[in-house]
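In full-length UniProt numbering, the protein residues as written are 1 to 533.
Heads up, the beta-carbon is just placed ideally off N, CA and C, and yes, glycines get one too.
Below, the structure written as structure tokens:
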């Protein structure tokens, strides 16, 4: 009953919104319900300090019947089980015969009844959010179950989440601010009935730094990202996750929702967060409120437990990303959702009967692009090139291998030039070598990155031989949407040899001894993959 009353009264609240047009000034708010923009005859209005919304359009979207008695100026809303009665300019309403008091009396403009927005959520269960930047009122129907969902929701099937809000699109490695397909409802700040179930991963902090929203967590997460419009926003879901008891910034204790204000970015205005769902497990939702469409890129650093949503300040398209993160972090090693380009052939394992294999070796960065700067102020490009030259010397001694370098000096081929070279040669494999980095000094060790499933075996083999050759921590293989591993048509991997930001890894990485051992390990991995004894 209480759930029905909340949704029902939400409808009433919308009807009452039309009052006080003269007092509303020039503000013309928008009304959005469950992610769907509504277009009432009279839009929501701000009267004094109170936002008013039209009750009829909301109730009708919930499937309720609304009647208006013009003589008595009475509005009746019902769904076959309960009845709510309101009278214009009277702050007392009745719900199934019980009197209730509204903070502001319902009113009417152009035959549209208006009621207070905030009262709708606080007294009747709808999730309510007023976005002052977008001048928009957001309403979200609460989760229901079983027969109640089937009877109360238009077209309901009795199955939660079966509609358009299920499983939003997942461009988890980046996006361009275009419209997403999922359009799920987003969290409402201050929602009283958001669940607080914890998941396997625990999110400890949300912050904004260096044009990025950074979500710090413990455990394992696989972010799902959706772009929404009207108004513009980016929605990031973290399935199987829960908030830490010491989550920063602080949340509303009862609703487990909150908001992070953002200053200094040309588009991002705020980040809202809540527990979006607890079935079948807890899902956290972070909504990035924008004042205009904006390009973005998402990375997930499993080693340090950080999801980073980067919004370039110049709105540039972060397409040719060489490193496994933005700006320098790595993704979830178990993330199976990395999208692939359907126009790029998937790649196939090497033909065991070939007499000559073409191997393309890529020294990351170079020339005008120094890569990351290590803790001792050395350039990444000055680590990658010596390793590749040493590796070339080892492989060139085998007559069964044709070794091609994307660069053999301090020059900068573009990422496209590197992949085009490998593709034009119809190479059997592509290997790029890099040094990793992180804002924190603690992450350390090596990892092998791949994009397409056809590259997984190569990644496993390279990591198996290269990681123990240097003695650094083995972080395993990681799937990520990197340019050079995505745009190549043969099995391709990017090997991060260690962290140039780590006080233990970095000094070793610039020594001949380390580079010689790494070159030997990489060579052994390549030969093992090609079945060359």
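Counting C-beta pairs with one atom in each stretch, the region 500–518 and the region 407–418 have fewer than three that are closer than 8 Å, which means they do not touch. The beta carbons of residue 509 and residue 379 sit no closer together than 8 Å. Straight through space, the alpha carbons of residue 501 and residue 507 are spaced by roughly 10 Å. For the set 250, 476, 446, the Cα lying nearest the Cα of residue 498 is the one of 446.
The beta carbon of residue 469 sits closer than 7 Å to those of 517, 518, 520, 521, all from its chain and outside the five residues before and after it, given in chain order. The residue from 505, 273, 67, 441 with its alpha-carbon nearest to that of residue 111 is 67.
For residue 401 against residue 395, the beta-carbon gap comes to about 5 Å, under 8 Å, which counts as contact. Taking the Cβ atoms as the reference, residue 525 lies roughly 16 Å from residue 478, outside the contact range of under 8 Å.
Around the beta carbon of residue 210, fewer than 16 other beta carbons lie within 10 angstroms, which makes this residue exposed. Collapsing the DSSP output to three states places residue 116 in a strand. For the 8 Å CB-CB criterion, residue 241 and residue 213 do not form a contact.
Excluding five sequence positions before and after residue 244, the CB atoms of its chain that fall closer than 7 Å to its own CB belong to 202, 203, 204, given in chain order. Taking residue 412 as the centre and dropping the five residues before and after it, the same chain places the C-beta of 366, 367, 368, 369 closer than 6 Å to its C-beta, in chain order.
Taking 4 residues as the shortest admissible run, the UniProt domain "MurNAc-LAA" (419–527) contains the following complete alpha helix (DSSP H) segments, listed from N- to C-terminal end: 456–470, 483–486, 505–509.
Spanning the alpha carbons of residue 258 and residue 238 requires a straight line of approximately 16 Å.
Distances from the CA of residue 528 to each of 294, 235, 465 were compared; the closest alpha carbon is that of 465.
The DSSP-derived three-state label of residue 98 is strand. The Cβ atoms of residue 490 and residue 428 lie closer than 8 Å to each other. Judged by DSSP in its simplified three-state form, residue 357 adopts strand. When secondary structure is reduced to three states using DSSP, residue 387 falls in the helix class.
A Cβ-Cβ distance of about 5 Å is found for the pair residue 87 and residue 74, placing them in contact under the 8 Å criterion. Unbroken beta strand (DSSP E) stretches of 3 residues or longer found wholly inside the region 242–304: 257–261, 268–277, 283–290, 297–301, given in chain order. According to DSSP, residue pairing for residue 68 in a beta bridge involves 75.
One Cα belongs to residue 220, the other to residue 434, and the distance between them is close to 24 Å.
Residue 108: member of the beta strand (DSSP E) spanning 107–109, first to last residue.
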